[in-house]
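Numbering (the numbering used here), first residue to last: 6 to 320.
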């Protein structure tokens with residue numbers, strides 16, 4: 006590492022209460038975990054992503070087809086996916102909004118492949134060390150990343166779903182570290198989690214902006230949580246820059262749409278795995294999730310595709 010970020014103080018300690026909350030609920034909000042220097046790095050990434058999105062939108066370059074390119078990131082316009090679902094007679098989940106703003110819902114898969122500052126956040130920030138503390142493990146592998154931007158007026162909700170069905174890994178020590186570079190509340194897209202759902206069975210992946218499922222590969226369909234939120238123990242977190250929400254990859258979660266007229270919600274999800282995680286070429290995983298052709302099902306995760314991001318210091 007170089008520059009001021011590399012000179013930062015060590016991350017704050019993860020408390021015993023935070024570890025217990027994560028184990029019990031499958032989700033915990035780590036307040037103030039990411040120092041301001043790293044939040045500034047994240048903002049630079051988001052500025053570049055929005056610029057790239059605007060350029061592609063102008064040139065009409067977007068495609069809804071999944072990419073099999075394992076060497077570059079994939080930038081998607083989720084508004085276009087929503088239009089396609091509605092044209093096919095499906096229902097896109099949207100908030101009621103009186104805002105005249107009509108911002109884009111932007112998704113980037115594998116952003117670390119093209120946005121070097123995001124790769125530094127994944128591999129060099131306090132996030133991986135925090136994962137080691139939460140998992141109580143000896144090493145942490147970086148798995149995968151996504152960027153989610155809901156510009157002002159992007160009222161489409163993120164459907165409740167589990168991550169596990171999308172991931173080519175198996176085990177218990179796997180979680181998403183979600184952090185935003187602006188304040189997030191119920192008006193501009195707060196994240197919501199069904200507490201204790203990490204103990205549920207595995208459900209089929211859905212279309213992300215809709216409850217419509219992809220190929221289920223025999224997995225059951227998640228219940229209609231959006232239409233029955235009072236029946237579930239759901240926690241929505243309002244967060245400040247530097248806060249990090251961590252959820253187990255089987256924890257059911259979703260997000261509100263952005264009905265703000267002037268505030269965006271720009272966030273990144275960094276995925277980490279611990280000692281017990283192994284490779285699994287899961288049939289339900291989409292093509293854009295990283296593939297390691299050198300690994301067989303059951304192999305431990307090491308190597309260039311899933312690099313070690315943190316290892317416990319020996320005495």
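Note that the Cβ used here is the ideal one computed from N, Cα and C, for glycine as well.
Would residue i and residue j be called neighbours here (beta carbons separated by less than 8 angstroms)?
i: residue 185; j: residue 272; result: yes
i: residue 3; j: residue 206; result: With the chain represented from 6 up to 320, any question about residue 3 goes unanswered, as that position is not in the structure.
i: residue 179; j: residue 278; result: yes
i: residue 39; j: residue 58; result: no
i: residue 159; j: residue 263; result: yes
i: residue 307; j: residue 142; result: no
i: residue 275; j: residue 145; result: no
i: residue 296; j: residue 75; result: yes
i: residue 189; j: residue 243; result: yes
i: residue 161; j: residue 227; result: no
i: residue 267; j: residue 157; result: yes
i: residue 212; j: residue 289; result: no
i: residue 133; j: residue 19; result: no
i: residue 181; j: residue 254; result: yes
i: residue 49; j: residue 122; result: yes
i: residue 303; j: residue 187; result: no
i: residue 78; j: residue 124; result: no
i: residue 219; j: residue 95; result: no
i: residue 128; j: residue 147; result: yes
Helix, strand or coil: which one does DSSP assign to residue i?
i: residue 126; result: helix
i: residue 272; result: strand
i: residue 145; result: strand
i: residue 87; result: helix
i: residue 322; result: What is shown of the chain runs 6 to 320, which leaves residue 322 out entirely.
i: residue 43; result: helix
i: residue 26; result: helix
i: residue 200; result: coil
i: residue 151; result: strand
i: residue 57; result: helix
i: residue 175; result: strand
i: residue 21; result: helix
i: residue 79; result: strand
i: residue 9; result: Confidence at residue 9 is low in this model, with a pLDDT of 39, below 50, so its placement is unreliable and no value can be given for it.
i: residue 232; result: helix
i: residue 49; result: helix
i: residue 99; result: strand
i: residue 15; result: Residue placement at residue 15 is poorly supported in this model, since its pLDDT is 47, which falls under 50; the coordinates still yield a value, given next. Coil.
Taking the continuous beta strand (DSSP E) assigned at residue i, which residues delimit it?
i: residue 185; result: 179 to 185
i: residue 140; result: Premise fails: residue 140 lies in the alpha helix (DSSP H), 132 to 140, not in any beta strand (DSSP E).
i: residue 260; result: 258 to 260
i: residue 252; result: 249 to 253
i: residue 164; result: 163 to 166
i: residue 224; result: Taken as a continuous stretch (DSSP letters only), residue 224 belongs to no beta strand (DSSP E), as it is neither H nor E.
i: residue 35; result: 32 to 35
i: residue 242; result: 239 to 242
Inter-stretch contact (C-beta, 8 angstroms, three-pair minimum) for the region 167 to 183 and the region 283 to 297:
yes
Are the region 37 to 45 and the region 196 to 212 touching, with three or more C-beta to C-beta distances below 8 angstroms?
no
How do the region 86 to 98 and the region 147 to 157 stand: do at least 3 beta-carbon pairs fall below 8 angstroms, yes or no?
no
Three or more beta-carbon pairs under 8 angstroms between the region 22 to 34 and the region 245 to 256, yes or no?
yes
Does the region 255 to 272 come close enough to the region 222 to 239 that 3 or more CB-CB pairs lie under 8 angstroms?
yes
Let me know the beta strand (DSSP E) ranges lying completely inside the region 271 to 317, each 3 residues or longer, listed in chain order.
313 to 316
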